[in-house]
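Undergrad: First the structure, which I've put down as structure tokens, then a few questions once you've had a look.
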């Protein structure tokens, strides 16, 4: 009877110890926390929590679900079920798998993510509902006003 003894190299031992202490290494953990567990390169469409709660972006989401029938809809589990329900129904209508993600360690503003299991490298993933454009314009005006105030301070 022959007994085979497997020896581990020093590097393997270090990796094994590190994995035991810190857990399995993960690619782009910051991105995964922000986008409900998926990577930015795999995202078809993203909706914020406020867009989900106000039922904005449904038409865009429906259009993308038709195009990507093998996609998965990730919904933020920290949002009340009554706000997630219409999105789950829409996904069911198009045969898109739905998953509620509620085990994030860090708070995220993302409410829903339509994702696929391969890289897309899509340039624009956010839905513009008009409110962000108004905020940006106000911010620019306010910024210019503040700049002029700093440049031309009244003499006292």
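Numbering (the UniProt record's numbering), first residue to last: 1 to 156.
Quick reminder that beta carbons are idealized off the backbone N, C-alpha and C, glycines included.
In this text, all values refer to a predicted model and were calculated from it rather than measured experimentally.
What are the residues that DSSP puts in a beta bridge with residue 159?
TA: Residue 159 is absent from the structure shown; the chain starts at 1 and stops at 156.
Undergrad: Just to confirm before moving on: does the CB-CB distance between residue 72 and residue 97 stay below 7 angstroms?
TA: Here residue 72 refers to the residue found at position 72 of the chain shown. Here residue 97 refers to the residue found at position 97 of the chain shown. Yes.
Undergrad: Once DSSP output is grouped into helix, strand and coil, what is the label at residue 21?
TA: The residue given as residue 21 occupies position 21 in the chain shown. Looking at residue 21 - three-state DSSP - the assignment turns out to be helix.
Undergrad: Should residue 74 go down as buried or exposed, given a rule of 16 or more other Cβ atoms within 10 Å for buried?
TA: One-based indexing of the chain shown puts residue 74 at position 74. Under this definition residue 74 is a buried residue.
Undergrad: Measure the alpha-carbon distance for residue 133 versus residue 57 and round it to whole angstroms.
TA: Along the chain shown, one-based indexing puts residue 133 at 133. Along the chain shown, one-based indexing puts residue 57 at 57. Residue confidence for residue 133 is low, a pLDDT of 49 falling below 50, so the modelled location carries little weight; the figure read from the coordinates is stated next. So the two alpha carbons sit approximately 15 angstroms from each other.
Undergrad: Thinking C-alpha only, which one of 52, 65, 59 and 76 is nearest residue 106?
TA: The count along the chain shown starts at 1 and reaches residue 106 at position 106. Nearest C-alpha to residue 106: 76.
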